[in-house]
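Peer 1: Numbering follows this note's numbering, with no gaps: position 67 of the sequence shown is 67.
Handing you a structure now.
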Amino acid sequence: MVIKDVCTRWNSTHAMLARALLLSDAIDDWVHGNKEYRSLGLRPKEWEGLRVMCRILEVCPLSPCTSCFGTQVFSILV
Numbered sequence: 001m002v003i004k005d006v007c008t009r010w011n012s013t014h015a016m017l018a019r020a021l022l023l024s025d026a027i028d029d030w031v032h033g034n035k036e037y038r039s040l041g042l043r044p045k046e047w048e049g050l051r052v053m054c055r056i057l058e059v060c061p062l063s064p065c066t067s068c069f070g071t072q073v074f075s076i077l078v
């Protein structure tokens with residue numbers, strides 16, 4: 001299942017990119033199999049750009065912090 005980016009969840013961009021890369025073959029097959037979506041397909045260089053961005057987000061020092069401070073129970077802002 002694909003993961004959608006959520007602007008209020010700081011690490012969701014990484015999760016979305018990682019899942020898209022995992023499903024890249026299926027995404028390409030689906031896009032190329034649906035004529036109305038063919039123009040939205042990614043070229044190999046674009047997939048590589050996503051791989052690079054995903055690697056950068058993996059080592060970003062903010063990732064552990066945002067995971068630590070993220071919560072669904074209460075707000076940390078007082």
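Yeah, the Cβ is synthetic: ideal placement off N, Cα and C, and Gly gets one too.
These numbers come from a predicted model, not from an experiment.
#1: Is W10 helix, strand or coil when you go by DSSP?
#2: Smallest Cα separation from C54: which of L40, T13 and V6?
#3: What residues in its chain sit with their C-beta under 8 Å from that of W30, if we drop five residues either side in the sequence?
#4: If L21 sits next to V2, beta carbons under 8 Å apart, how far is it from one beta carbon to the other, in whole angstroms?
#5: Take V52 as the anchor and find which of K4, W10 and A18 has the nearest alpha-carbon.
Peer 2: Let me spell this out:
#1: If you number the sequence shown from 1, residue 10 lands on position 10. In the structure shown, the three-state DSSP call for W10 is coil.
#2: Here residue 54 refers to the residue found at position 54 when the sequence shown is read from its first residue. When only C-alpha atoms are compared, the closest one is T13.
#3: For the purposes of this step, residue 30 is taken as residue 30 along the sequence shown, with counting starting at 1. The residues are Y37.
#4: As a working mapping, residue 21 is identified with position 21 in the sequence shown. As a working mapping, residue 2 is identified with position 2 in the sequence shown. Rounded to whole angstroms, the Cβ separation of L21 and V2 is 11 Å, and the two are not in contact under 8 Å.
#5: Taking the first residue of the sequence shown as 1, we reach residue 52 at position 52. Among K4, W10 and A18, the Cα nearest to that of V52 is on A18.
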